[in-house]
Amino acid sequence: MASSTGKFEWLVIIPDHGGVLDKRMAVRPKHFDGLQAGLDSGFWKMGGAILEEVPKEDGKLKIEGSAMVASASSKEEVIELLKKDVYAVSGVWDFSKIQIWPFKCAIREPLEK
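All residue numbers for the sequence shown refer to our numbering, where the first residue is 91 and numbers rise by one.
As structure tokens, this is what we get:
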């Protein structure tokens, strides 16, 4: 059931293509800049990198893709916005393997208390 605003949350998992970590890191600042409007509007509720493993002491991240929660009227609305992201345009994300589901959050903790 959608909320009174006609929006619902969507859980999105998008893996990266293999061997694109350098490309991902090169366009990462543009990716973050591009998220701001969606954060300000309340479209993006949560997002971050999917890691291959817990980071080691050297701090290097082995990034495998992205996970996010969006608030939108439809799955198609989420996909259309994702297609405009620099990670999609530059070929970082593997859209052929995108997973997206309606999501009903039961609990939510702030990042820091």
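Don't be surprised by glycine CBs; every beta carbon is placed ideally from N, CA and C.
All of these numbers come straight from a predicted model, not from anything done at the bench.
Simplified DSSP state of E99, which is helix, strand or coil
If DSSP states are grouped into helix, strand and coil, E99 belongs with the strands.
Can you tell which of L171, S163, L201 and M158 has its C-alpha closest to the C-alpha of P105?
M158
Quick one: what's got a C-beta closer than 6 Å to Q189's C-beta in the same chain, skipping five residues either side?
I103
Boundaries (first-last residue) of the alpha helix (DSSP H) holding V117
L111 to S131
Run of the beta strand (DSSP E) containing L151, from where it starts to where it stops:
Taken as a continuous stretch (DSSP letters only), L151 belongs to no beta strand (DSSP E), as it is neither H nor E.
Between which two residues does the alpha helix (DSSP H) harbouring K165 extend?
The continuous alpha helix (DSSP H) containing K165 extends over residues K165 to K174.
Hey, how far is the Cα of C195 from the Cα of G155?
21 Å
At least 3 beta-carbon pairs within less than 8 Å: the segment 172-180 vs the segment 135-146
no
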